[in-house]
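A.B. asks:
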């Protein structure tokens, strides 16, 4: 069962759009990493400069913003009110608009094979985010509320 079918089976309304990933990554950075200087962003490899760098979630792994990690992140995501949210990816311009997302759980987004790696979920106002990394089992997932 692919990602789309998995969410549809939960009665979650989901639609896919192309070519918006870059814009959402920029907006995510503005919402969650605007307190960092350009130098600080370079130091934590926030942007892609080749190799293993260029992940927005480095904001959390380098502890530059307070967040919940691992099981606590999953629990916080489960408890978070979710009506409509966006799902986008680090290395793709694919975006998913998810409505009636109240039953969306971390287990729907975590895969043993890493298929859904470097995935970001945000509410439409960017007040919170849940992030699944490609380092599953080692680093992440992360959950952050903007005001914390």
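In my numbering, the protein residues as written are 185 to 332. Ideal Cβ positions, reconstructed from N, Cα and C, are used throughout, including at glycine. All values derive from a computational prediction rather than experimental measurement.
What residue from 216, 289, 239 has the CA that sits closest to residue 318's CA?
C.D. replies: Among 216, 289, 239, the Cα nearest to that of residue 318 belongs to 239.
A.B. asks: With distances taken between CB atoms, is the gap from residue 316 to residue 293 smaller than 9 Å?
C.D. replies: Yes; because the gap between Cβ atoms is below 9 Å, this pair is in contact.
A.B. asks: Decide yes or no for the touch test of the region 240-247 against the region 213-231: beta carbon pairs closer than 8 Å, at least 3 of them.
C.D. replies: Counting Cβ pairs under 8 Å, three or more are found: they touch.
A.B. asks: What's the gap between the Cα of residue 276 and the Cα of residue 196?
C.D. replies: Cα to Cα, residue 276 sits roughly 22 Å from residue 196.
A.B. asks: Relative to the alpha-carbon of residue 257, which residue among 224, 291, 269 has its alpha-carbon at the smallest distance?
C.D. replies: Here the closest residue by C-alpha is 291.
A.B. asks: Just tell me which of 189, 331, 194 has its CA closest to the CA of residue 288.
C.D. replies: The residue with the shortest Cα to Cα distance from residue 288 is 194.
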